[in-house]
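Numbering (this note's numbering), first residue to last: 905 to 1550.
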Ligand code: GAL
Ligand code: ZN
């Protein structure tokens, strides 16, 4: 287990570098990430490269036994390049070129940009392959699948559509363009969605294809850079740091060609009181691990109070710096890099706090970080251990994008659906995977399919055979709603899952923030919100019926025997306790061992491998907790972690 920091030598007086590196080494920092925004210093003018300063920094770190990850600076083309070739800048929805001033100001598809980006990446690879302590490469920074409205992108999209649909008639049919007289008569009429409209006003089929292509572009851009590295450095270790941005890339495809996943992890510092408010980042971490089903890195980790895109948030509470890094380890991270060594004194992010404050006087947060570094060294034996899970949640970036285009009802969130079901199982201290819907599911006992909105035939048939051969499947409301064109399917919901679920939806009620009630056959009553599928059972049996409104008495949650397996259908969004009740039954029925009594917000995961098994017991709360495990009481401080080797 390795701890690093994000460091920006170009932000600081050169005289500070050695002292910083010395303190890092003394503290136990094992690696730094450098240079991901430093293009204007690496290539101050066209074709004139200056790597001397970065060489010095890399050597200083080498002298202190610290490894380096170099980030490619392609997120931030320098001003001279934008001035010389304004067509490398992205174009916004008004049709006007976006002004420079922040970052991310490049069109990934621009051929001129590709030339310049390719050239600097090539130079960096050729140069730094000779530095022994440069151990990995980060491509760009937080790549997003945003839509660019430039001519290159528009032409590319037309070609993409021609490839997919063949004829303009087929495209019109697939999109249902007859609605509002939107039929195209030529490919040239296919424009990006100018005008800045709320996407919900636009054709969902057209919008989803645009998102798909933008996501493919990101994958292709990363491959373009990765290929350059590999041409110089066979076996180069390449990643890109990702997060849950508005337009998320296609995680699985993006990382398929890269060597490891890295994630920028910023858990909340203000802990909500409401149990319904899921603040833990455990689902995020499990999803990141699930992308390659391997250990991953945190490339940016919460260090202090954040603020800059928003007003400043609470500072990291005592225990959080150490606890949240260890929580990431507990979910499969093998390296955690803290953002950032020192808070910036200049630039827009000066209030996004690092480990050390503006004063450069290490304080409380730094002391806790130093403790973390010491503890991480004691975890060396766990390197290469992994999490193995019997339960998994399926995640679909396509459904995520489609829900963003059409938000369904007030407060309905796809990510919340994922978290609710993930947390229900995690509550019992079992490992839970979150994997892409296209991944193999045969090794699991329980597969949860929250709101799998867009139908993919292959996923559907794998779910059927999984249940047939004895697995438990959990399907929730808004599954099976759309075909692959993001159009509604003309069948009773849950359409393709109807036979598996053994029930159908006779009508639905999108209740938003209003409350409904449901009652289980054993008398347990729960609130529900956002969505009520009014169910009719076919072969299923009702586990819970609504207890409110005109559909009181109608099934809300059902269970069906299918083949040798079982399928649950949850037609609403319930309280967390409702999912926990169901999860317990499923764990019992599937014979998965679990911990029946864990205090609220205590998280348990197990990493195994290399002949070791370690149980991570984490108190993800601001108050002391006592956990009773294996006949012993363990008391955990706020955000405290206990690691028990078996
Ligand atoms: C991340 C980004 C960093 C920095 C940080 C704090 O999303 O990758 O470069 O901006 O947020 O704002
Ligand atoms: Zn473009």
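Even for Gly, the Cβ is constructed at its ideal location relative to N, Cα and C.
Which of the three DSSP states is assigned to residue i in this structure?
{"i": "residue 1447", "result": "strand"}
{"i": "residue 1414", "result": "strand"}
{"i": "residue 1343", "result": "coil"}
{"i": "residue 1385", "result": "coil"}
{"i": "residue 1467", "result": "coil"}
{"i": "residue 1291", "result": "coil"}
{"i": "residue 890", "result": "Past the boundaries of the shown model lies residue 890; the chain is included only from 905 to 1550, so the question cannot be answered."}
{"i": "residue 916", "result": "coil"}
{"i": "residue 1400", "result": "helix"}
{"i": "residue 1459", "result": "strand"}
{"i": "residue 988", "result": "helix"}
{"i": "residue 1337", "result": "strand"}
Just how far apart, CA to CA, sit residue i and residue j?
{"i": "residue 1066", "j": "residue 1179", "result": "49 Å"}
{"i": "residue 1456", "j": "residue 1430", "result": "13 Å"}
{"i": "residue 1085", "j": "residue 1411", "result": "30 Å"}
{"i": "residue 892", "j": "residue 1487", "result": "The displayed coordinates of the chain run from 905 to 1550. Any statement about residue 892 would go beyond what the structure contains."}
{"i": "residue 1202", "j": "residue 1056", "result": "34 Å"}
{"i": "residue 1094", "j": "residue 1500", "result": "57 Å"}
{"i": "residue 1382", "j": "residue 1423", "result": "21 Å"}
{"i": "residue 1312", "j": "residue 1352", "result": "21 Å"}
{"i": "residue 1298", "j": "residue 1340", "result": "6 Å"}
{"i": "residue 1326", "j": "residue 1047", "result": "26 Å"}
{"i": "residue 1514", "j": "residue 1134", "result": "30 Å"}
{"i": "residue 1511", "j": "residue 935", "result": "24 Å"}
{"i": "residue 1058", "j": "residue 982", "result": "25 Å"}
{"i": "residue 1533", "j": "residue 1267", "result": "35 Å"}
{"i": "residue 1198", "j": "residue 1253", "result": "32 Å"}
{"i": "residue 914", "j": "residue 945", "result": "8 Å"}
{"i": "residue 1262", "j": "residue 1367", "result": "54 Å"}
{"i": "residue 932", "j": "residue 926", "result": "10 Å"}
{"i": "residue 1072", "j": "residue 1389", "result": "15 Å"}
{"i": "residue 1146", "j": "residue 1527", "result": "31 Å"}
{"i": "residue 1288", "j": "residue 920", "result": "35 Å"}
{"i": "residue 1189", "j": "residue 965", "result": "29 Å"}
{"i": "residue 1551", "j": "residue 1070", "result": "The question about residue 1551 has no answer, for the chain in this structure spans 905 to 1550."}
{"i": "residue 1273", "j": "residue 1233", "result": "15 Å"}
{"i": "residue 1373", "j": "residue 1443", "result": "18 Å"}
{"i": "residue 1174", "j": "residue 1256", "result": "15 Å"}
For residue i versus residue j, is the C-beta distance shorter than 8 Å?
{"i": "residue 941", "j": "residue 1045", "result": "yes"}
{"i": "residue 1337", "j": "residue 1495", "result": "no"}
{"i": "residue 1259", "j": "residue 909", "result": "yes"}
{"i": "residue 1285", "j": "residue 1516", "result": "yes"}
{"i": "residue 1079", "j": "residue 1109", "result": "yes"}
{"i": "residue 1227", "j": "residue 1520", "result": "no"}
{"i": "residue 1458", "j": "residue 1438", "result": "yes"}
{"i": "residue 1432", "j": "residue 1478", "result": "yes"}
{"i": "residue 1552", "j": "residue 905", "result": "Beyond the ends of the chain as shown, which are 905 and 1550, falls residue 1552; an answer cannot be given."}
{"i": "residue 1476", "j": "residue 1417", "result": "no"}
{"i": "residue 1243", "j": "residue 1204", "result": "yes"}
{"i": "residue 1376", "j": "residue 1490", "result": "yes"}
{"i": "residue 1471", "j": "residue 1393", "result": "no"}
{"i": "residue 1053", "j": "residue 1098", "result": "yes"}
{"i": "residue 1282", "j": "residue 1508", "result": "no"}
{"i": "residue 1309", "j": "residue 1111", "result": "yes"}
{"i": "residue 1453", "j": "residue 1420", "result": "yes"}
Have a look at the DSSP bridge pairing and note the partners of residue i.
{"i": "residue 1094", "result": "DSSP, once it has assigned bridges, lists no residue as partnering residue 1094."}
{"i": "residue 1237", "result": "1200"}
{"i": "residue 1219", "result": "Paired residues: none, contrary to the question."}
{"i": "residue 1519", "result": "1510, 1548"}
{"i": "residue 1205", "result": "1169, 1242"}
{"i": "residue 1084", "result": "According to DSSP, residue 1084 bridges with nothing at all."}
{"i": "residue 1532", "result": "1537"}
{"i": "residue 1407", "result": "1441"}
{"i": "residue 1042", "result": "975, 1143"}
{"i": "residue 1058", "result": "DSSP, once it has assigned bridges, lists no residue as partnering residue 1058."}
{"i": "residue 1472", "result": "1378, 1463"}
**Prompt:** Does the segment 1298-1306 touch the segment 943-957, meaning 3 or more C-beta pairs lie closer than 8 Å?
**Reply:** Segments in contact, no.
**Asked** Touch check for the segment 1076-1090 and the segment 1122-1134: three-plus C-beta pairs under 8 Å?
**Response** With a cut-off of 8 Å, the segment 1122-1134 and the segment 1076-1090 do not count as touching, because too few Cβ pairs lie within range.
**Asked** With contact counted as at least three CB pairs below 8 Å, one residue from each stretch, are the segment 1207-1217 and the segment 1357-1365 in contact?
**Response** Proximity of the segment 1207-1217 to the segment 1357-1365 falls short of the contact definition, fewer than three beta-carbon pairs being nearer than 8 Å.
**Message:** I'd like to know if the segment 989-1003 and the segment 1013-1027 are in contact, where contact means that at least 3 CB-CB pairs between them fall below 8 Å.
**Reply:** With the cut-off at 8 Å, the segment 989-1003 and the segment 1013-1027 touch.
**Asked** Touch check for the segment 1216-1231 and the segment 1530-1546: three-plus C-beta pairs under 8 Å?
**Response** At 8 Å Cβ cutoff, the stretches touch.
**Request:** Give a yes or no on contact between the segment 1399-1417 and the segment 1493-1512, applying the rule of three or more CB pairs nearer than 8 Å.
**Result:** For the pair of segments examined, the segment 1399-1417 was found not to touch the segment 1493-1512: the number of CB pairs separated by less than 8 Å stays below three.
**the segment 1015-1035 touching the segment 1129-1136, judged by at least three CB pairs closer than 8 Å** = Yes: at least three Cβ pairs fall under 8 Å.
**Message:** Would the segment 1471-1486 count as touching the segment 1157-1165 if we require 3 or more Cβ pairs under 8 Å?
**Reply:** The segment 1471-1486, when compared against the segment 1157-1165, does not touch it at the 8 Å Cβ threshold.
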